[in-house]
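K.L.:
Please read through the structure below; I'll follow up with questions.
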Amino acid sequence: MVKVYAVVLVLGIVGLLIYILGGAFAENLGREDRGPDARFGLGGKLAVGAAVGFGMGGMSAEFSPLDLSWPIALLIALVAAGLSMLWVRYAVGQTQTDTR
């Protein structure tokens, strides 16, 4: 399972870099409508957050000194993915402004 967590973590980090660099590039060109935030929205942010959380949680559980079994490590990884998705929702809610 370590390989699964590692691959998901790498995909999450690549997604995060795409979001950061793609958003900066689109904004510098004056084309915010072509950036990853406009294309993927909250769902894309949640997917990236879940991938990073799942990978980090799984890797942390697998390399724990407690010698956890793989089902417990998987459960910890799933909890970490859920918590990271909640954090993304919270962070997005804090940065959005009310334009009424």
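The opening position of the sequence shown corresponds to residue 9 in my numbering, with each subsequent residue numbered one higher. C-beta atoms are modelled at their ideal positions from N, C-alpha and C, and glycine is treated no differently.
Hey, E70 and V10: beta-carbon distance below 7 angstroms or not?
P.N.:
yes
K.L.:
Under the three-state reduction of DSSP, which class applies to P44: helix, strand or coil?
P.N.:
In the displayed model, P44 falls within a helix according to three-state DSSP.
K.L.:
Measuring alpha carbon to alpha carbon, tell me which of G63, D45, A14 ends up nearest I26.
P.N.:
Taking each of G63, D45, A14 in turn and checking the Cα distance to I26, the smallest one comes out for D45.
K.L.:
So G43 and E35 are in contact, right, with Cβ under 8 angstroms, and what is the actual spacing, rounded?
P.N.:
Sure, about 7 angstroms apart at Cβ, within 8 angstroms.
K.L.:
Rounded to whole angstroms, how far is the Cβ of V16 from the Cβ of A59, which I believe are closer than 8 angstroms?
P.N.:
5 angstroms
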